[in-house]
Amino acid sequence: MAQRSGYDPGVPCWVDLSSTDVDASARFYGEVFGWQADMIDDPEAGGYGMFLHQDRQVAGLGPVMGGGSPSFWNMFVATDDAAALAERVRNAGGTVTMEPMAVFDEGVMTVFQAPDGSYAAAWQAGNHHGAQLAGEPVSCCWNELVTRDPSAAESFYPAVFGWMPRLRELDGIKYTEWHLGERAVAGMVEMFSDYPAATPSFWMTYFAVADLEATTAAAEGAGASVLVRGMEAPPGRFSMLTDPQGATFSIIQLHEIAGNI
């Protein structure tokens, strides 16, 4: 398994789920991925916990903060200085929506909105370095920006994370890979016209699975909606789903074990 103990600055290192119903989300992802929810028994943690797979942390889980917000998956990128990163966000035209904040002894986080409307977070590791398992079945393997404004994203994310965009043609679709040096760490695609008009730019989380059809069927059986079913892509076949609490994510059966984290 792709076990991890740390991440270089600029590399996505963690994802977590903000849920309108934490208990229901724990049951859903337990049924679909076999994860166990290990909630932190401390009121100051705000109801946060960890999803575990074979005793390794693969993602986080907590309640949505603020009324009226739907459930959603969040992407965190590793940094060695959250305060300096927040300043780069401002200088690049973004908005810091959560100032750098210490999370116990686990690390320091900051959350921001990019000029294209997408939200992301950065994580300066303390005791917690990020996902302990990545790029393997039932763990995160890729993060992809689905954006309404690729030009704004191409100006912003390089200034903040040092990423460089590389445009590719995939089956007639323009696809951008974000590179950190020679390494592809994330992707970007312009939002298709069939998305609802009110859908903002967002980061899509991909989880690797061993059997796409079986996992898609398990998700449907547990109450998920299938937005895209079994579509071919160069890395493998994928499905896009919305869980019963409204969070959108994708699953992919990779042709070979690979990933950005």
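For the sequence shown, full-length UniProt numbering begins at 1 and goes up steadily by one. Built from N, CA and C at the ideal position, the CB exists for glycine as well. These figures come from a predicted structure and were not determined experimentally.
Can you list, in chain order, the residues of its chain with a C-beta nearer than 8 Å to that of residue i? Leave out the 5 residues immediately preceding and following it.
i, result
"Ser155", "Ala92, Gly93, Pro115"
"Ala159", "Arg88, Asn91, Ala92"
"Ala218", "Glu31, Val32"
"Ala224", "Phe28, Val32, Leu241, Thr242, Asp243, Pro244"
"Glu220", "Val226"
"residue 272", "No answer is possible for residue 272: it lies beyond the span of the chain, which begins at 1 and ends at 261."
Tell me which residues share the same chain as residue i and place their Cβ nearer than 7 Å to its Cβ, disregarding the 5 neighbours each side in the sequence.
i, result
"Pro9", "Ala78, Thr79, Asp80"
"Gly162", "Gly10, Leu180"
"Val146", "Val189, Met191, Ser201, Phe202, Met204"
"His128", "Glu106, Gly107"
"Val111", "Thr97, Met98, Tyr119, Ala121"
"Gln124", "Thr79, Asp80, Asp81, Ala82, Gly107, Val108"
"Met1", "The predicted model places Met1 with a pLDDT of 41, which falls under 50 and marks its position as unreliable; any figure quoted below should be read in that light. Answer for Met1: Leu133, Glu136, listed in chain order."
"Ala24", "Pro244, Gln245"
"Thr95", "Phe112, Gln113"
For residue i, tell me which candidate among the options has the shortest Cα-Cα distance.
i, options, result
"Asp149", "Ser201, Ala210, Gly172, Ala120", "Ser201"
"Tyr195", "Val209, Gly246, Leu227", "Leu227"
"Tyr240", "Met101, Val138, Ile251", "One detail in the question is off: residue 240 reads as Met in this sequence, not Tyr. The option with the nearest alpha carbon to Met240 is Ile251."
"Phe33", "Ser5, Gln54, Ala197", "Gln54"
"Tyr157", "His255, Pro244, Val89", "Val89"
"Leu212", "Gly223, Thr199, Ser193, Gly236", "Gly236"
"Phe72", "Trp35, Thr216, Val15", "Val15"
"Glu136", "Gln57, Ala45, Ala26", "Gln57"
"Val134", "Asp243, Ala153, Leu17, Leu52", "According to the sequence displayed, residue 134 carries Ala and not Val. Selected option, being the one with the closest Cα: Leu52."
"Gly86", "Gly187, Gly47, Met75, Pro100", "What sits at residue 86 in the sequence shown is Ala, not Gly. Among Gly187, Gly47, Met75, Pro100, the Cα nearest to that of Ala86 is on Pro100."
"Asp171", "Pro234, Val22, Ser225", "Pro234"
"Gln113", "Phe76, Tyr7, Thr176", "Phe76"
"Met164", "Ala152, Gly221, Trp178, Lys174", "Trp178"
"residue 274", "Arg4, Met39, His255", "Nothing can be reported for residue 274, as the shown portion of the chain is limited to 1 through 261."
"Asn74", "Gly66, Ala102, Leu17", "Leu17"
"Ala37", "Tyr48, Ala84, Pro43", "Tyr48"
Ends of the alpha helix (DSSP H) at residue i?
i, result
"Phe28", "22-33"
"Glu87", "82-91"
Ends of the beta strand (DSSP E) at residue i?
i, result
"Leu61", "56-63"
"Gln36", "36-39"
"Leu52", "49-53"
"Gly107", "107-113"
"Tyr119", "119-125"
"Phe104", "That residue, Phe104, is in no beta strand (DSSP E); it is neither H nor E in DSSP."
"Asp16", "12-19"
"Ala78", "72-79"
With a threshold of 6 Å on Cβ separation, who are the neighbours of residue i within its own chain once the five nearest residues in sequence on each side are excluded?
i, result
"Ala197", "none"
"Thr20", "Val64, Ser71, Gln245"
"Thr248", "Thr242"
"Gly46", "none"
"Gly126", "Asp105, Glu106, Gly107"
"Trp35", "Tyr29, Phe51, His53"
"Arg229", "Ser239"
"Ile173", "none"
"Gln253", "Val209, Leu212, Gly236, Arg237"
"Val138", "Phe33, His53"
"Glu144", "Gly187, Met204"
Is there a C-beta anywhere in chain D that falls below 8 Å from the one on residue i?
i, result
"Ser239", "Protein chain content of the structure displayed is limited to a single chain, and chain D is not contained in it."
Complete runs of the beta strand (DSSP E) confined to the UniProt domain "VOC" (139-254) [at least 3 residues]: 140-147, 164-170, 173-180, 183-190, 202-208, 225-233, 236-242, 248-254
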